[in-house]
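Residues in the sequence shown are numbered consecutively from 0, following numbering that gives the first Met the number 0.
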Amino acid sequence: MHSATDRALGTVIGSAVGDALGAPFEFGPEGAFSARFPEPGAGGEMCGGGGWDPGEATDDTQMAVLVGESLVEHGGLELPDVFTRFQRWAAADPKDIGLQTEAVLTSGDPWNLAASLHFQISQRAAGNGALMRAATSAVYFAGAGREATMEAARRIAALTHGDRAAWEGTAVFHELVRVALTGDDPIAAVPDTLATVHPGHRERYATVLAPDWHPDRATEFNGAVWPCLASAVWALRTTSSYEAAVRAAINLGGDTDTVAAVTGGLAGGVYGVDAIPERWTGPLHVPLPGFDGRVLRTSELAGLARKLHGQDG
């Protein structure tokens, strides 16, 4: 039986590992990961490529760390501080940054208006860029209960994404992580979670989170929030280990780093940190552009996860 701390570490580190594993395969074809690594467990999967060093995490995890460190340092959600950290990071020319996120963070608009102003003009803000960074905040707010963790997810998502669809998907992820950290099955919790989704968005999430949904049925690219979350839930539902879930996620192709980051967060929460192979956690590193050349390794991520979970030390 895993402790809640093991699961919290699994969520944060599992998301980062999925991100780094998936990054070299981004926008590649379906099945590319298994084509290159046909034998599960054989090693070499942290291969780098596509501009990424082996084990290097992308903007998904970089932003998750910024959220997590803000929560820890302020003892709660200080939205202007999170936004300022995001802006500092975006200004430092990170290797990868979502178009929508970049537009909001570099607009010069105030923290509480930038995302909504961008959405009014573009009418496109249902990307997965808020969902991708939610592992740290999901761990932090898990102890506060369903309503509080879902509301926190919405507020953090709204910093960069003006479309409520992005808020609701992030809220569902927060709640599924909360369930996983208690030792219960997040897949079994999907129906109850859907009941707490905003009524205007519930039906669409119910469709993609249904037991018979398959990524082949997605109506958008998996860079959108609905199929991204749904693909992660599908990967968790159809496999029985952390490693298998992340493999399944990356094999879907498309936005592989983010789908695998979301999958890795959920699977890490279910299976615990010990289920994540050491050959993946060993090379893992998270650069933080704009923050004095800092690079977090797995041990630092574990320390952050412990603080987020309230188990400092």
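Glycine included, each C-beta is placed from N, C-alpha and C at the ideal position.
Same chain, Cβ closer than 6 Å to residue i, neighbours up to 5 away in sequence not counted
{"i": "G263", "result": "G13, S14, V16, G17 and V245"}
{"i": "G9", "result": "G267, G268, G271 and V272"}
{"i": "G67", "result": "T135, L303 and L307"}
{"i": "R236", "result": "I186"}
{"i": "R296", "result": "H284"}
{"i": "H1", "result": "G271"}
{"i": "V189", "result": "L208"}
{"i": "G48", "result": "P23"}
{"i": "V103", "result": "A113, A114, H117 and T159"}
{"i": "G27", "result": "G252"}
{"i": "V294", "result": "H284 and P286"}
Residue i - DSSP class collapsed to helix/strand/coil
{"i": "G43", "result": "coil"}
{"i": "A90", "result": "coil"}
{"i": "R132", "result": "helix"}
{"i": "A304", "result": "helix"}
{"i": "A223", "result": "strand"}
{"i": "E55", "result": "strand"}
{"i": "H197", "result": "coil"}
{"i": "G144", "result": "coil"}
{"i": "H284", "result": "strand"}
{"i": "L76", "result": "coil"}
{"i": "R153", "result": "helix"}
{"i": "L327", "result": "The chain is shown from 0 up to 312; residue 327 falls before or after that span and cannot be answered."}
{"i": "G50", "result": "coil"}
{"i": "G21", "result": "helix"}
{"i": "R313", "result": "Outside the displayed range of the chain (0 to 312) lies residue 313, so it cannot be described from this structure."}
{"i": "G267", "result": "helix"}
{"i": "G168", "result": "helix"}
{"i": "L309", "result": "According to the sequence shown, residue 309 is Gly rather than Leu. In the structure shown, G309 sits in coil (DSSP, three-state: anything other than H, G, I, E or B)."}
{"i": "G13", "result": "helix"}
{"i": "G67", "result": "helix"}
Span separating the alpha-carbon of residue i from that of residue j
{"i": "A56", "j": "V224", "result": "20 Å"}
{"i": "E277", "j": "C46", "result": "15 Å"}
{"i": "V81", "j": "M62", "result": "9 Å"}
{"i": "A165", "j": "A133", "result": "12 Å"}
{"i": "T280", "j": "A301", "result": "11 Å"}
{"i": "E150", "j": "P288", "result": "29 Å"}
{"i": "W212", "j": "T206", "result": "7 Å"}
{"i": "P93", "j": "L265", "result": "26 Å"}
{"i": "G107", "j": "A113", "result": "8 Å"}
{"i": "G161", "j": "G182", "result": "33 Å"}
{"i": "R84", "j": "L65", "result": "6 Å"}
{"i": "I155", "j": "P79", "result": "10 Å"}
{"i": "A152", "j": "E146", "result": "10 Å"}
{"i": "A89", "j": "D291", "result": "14 Å"}
{"i": "V178", "j": "D184", "result": "7 Å"}
{"i": "A243", "j": "P109", "result": "42 Å"}
{"i": "W51", "j": "A3", "result": "32 Å"}
{"i": "A41", "j": "S298", "result": "24 Å"}
{"i": "I120", "j": "G75", "result": "32 Å"}
{"i": "T105", "j": "N111", "result": "14 Å"}
{"i": "E72", "j": "R216", "result": "42 Å"}
{"i": "S230", "j": "E38", "result": "22 Å"}
{"i": "T218", "j": "R35", "result": "28 Å"}
{"i": "R87", "j": "T238", "result": "39 Å"}
{"i": "F344", "j": "T169", "result": "For residue 344 there is no data in the structure shown, the boundaries of the chain being 0 and 312."}
{"i": "C227", "j": "A91", "result": "27 Å"}
Beta-carbon proximity list for residue i, same chain, < 7 Å, skipping 5 on both sides
{"i": "H197", "result": "R163 and E167"}
{"i": "D100", "result": "The sequence shown places Thr at residue 100, not Asp. Excluding positions up to five away in sequence, the list reads G128 and T159."}
{"i": "R203", "result": "W225"}
{"i": "Y241", "result": "G13, A266, G267, Y270, A274 and I275"}
{"i": "A259", "result": "G17, D18, L20, G21, V245, A248 and I249"}
{"i": "A333", "result": "Since the first residue shown for the chain is 0 and the last is 312, residue 333 is missing from the structure and cannot be characterised."}
{"i": "W233", "result": "W212, H213 and P214"}
{"i": "R201", "result": "L193"}
Close Cβ partners of residue i (< 8 Å) along its chain, the five nearest in sequence each way excluded
{"i": "A7", "result": "V138, A141, L180, G268, A304, R305, L307, H308 and Q310"}
{"i": "G312", "result": "Reliability fails at G312, whose pLDDT of 35 lies under 50, so the model's placement of it is uncertain and no value is given."}
{"i": "R5", "result": "First, the residue type needs correcting, since residue 5 is Asp and not Arg in the sequence shown. So the qualifying residues of the chain are G271, V272 and D273."}
{"i": "G199", "result": "R163"}
{"i": "V11", "result": "A63, G67, A134, T135, V138, G264, G267, L300, A301, L303, A304 and L307"}
Residue j beta carbon less than 7 Å from that of residue i
{"i": "T192", "j": "V176", "result": "no"}
{"i": "G21", "j": "I249", "result": "yes"}
{"i": "G54", "j": "P286", "result": "no"}
{"i": "I96", "j": "D59", "result": "no"}
{"i": "G144", "j": "G222", "result": "no"}
{"i": "L130", "j": "V261", "result": "yes"}
{"i": "P214", "j": "L251", "result": "yes"}
{"i": "T148", "j": "H173", "result": "yes"}
Check: residue i C-beta below 6 Å from any heavy atom of the ligand HEM
{"i": "T237", "result": "Only the bare structure without any ligand can be found here, which leaves the ligand HEM out of the picture."}
Proximity test, Cβ basis, 7 Å: residue i and chain B
{"i": "V66", "result": "Annotation note: the requested chain B is absent from the structure, which comprises a single protein chain."}
| Do the region 24-39 and the region 250-258 make contact, defined as three or more Cβ pairs closer than 8 Å? | yes
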